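Trainee: As numbered in this note's numbering, the sequence shown has no gaps in its residue numbers, which increase by one up to the final residue, 86.
Each residue gets a CB set at the ideal place from its N, CA and C atoms; glycine is no exception.
Bear in mind the structure is a predicted one, so any value in this text is a computation, not a measurement.
Provided herewith is a single structure, encoded as structure tokens, for subsequent inquiry.
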Amino acid sequence: MYDVDYWRLSKGQIVHAHVDWLRPKAWIALDDEDLGWDDDDRKQRLVLTSGTEGLKDPKAMDRLVTVLEGNFGRPGSLATRKERR
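Here it is in structure tokens:
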């Protein structure tokens, strides 16, 4: 992909290009527009924020916590898993 083409993509398309390239097990995204996001991403990975309020909006912050827990587990669960080893 040429640089010019890359910068013409929506943020959702750019994230998908990186996910396809890097293949992370879990990921989330914060965006202030919903262009380029499919339905699964909107439900499971996307935290849609206001372009002016961002994470200052309590609804966006609640959504972030929900998406983080859904993709990475509850806080402390990683430490618990490491202790079991």
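1) Helix, strand or coil for D58, going by three-state DSSP, please let me know.
2) Does DSSP put V16 in a helix, in a strand, or in coil?
3) Where do the N-terminal and C-terminal ends of the alpha helix (DSSP H) with D32 fall, by residue?
4) Hey, quick one: how far does the beta strand (DSSP E) through L47 stretch, first residue to last?
5) Buried or exposed: where does V16 fall if 16 or more other Cβ atoms within 10 Å of its Cβ makes it buried?
Mentor: On the basis of the coordinates in this document:
1) Taking the first residue of the sequence shown as 1, we reach residue 58 at position 57. Here D58 sits in coil by DSSP.
2) The residue you call residue 16 lines up with position 15 of the sequence shown. Helix.
3) Position 31 of the sequence shown, counting from 1, holds the residue named residue 32. Note, D32: premise wrong, no alpha helix (DSSP H); beta strand (DSSP E) at 30-32.
4) Taking the first residue of the sequence shown as 1, we reach residue 47 at position 46. L47: member of the beta strand (DSSP E) spanning 47-49, first to last residue.
5) Counted from its first residue, the sequence shown places residue 16 at position 15. Classification for V16: buried.
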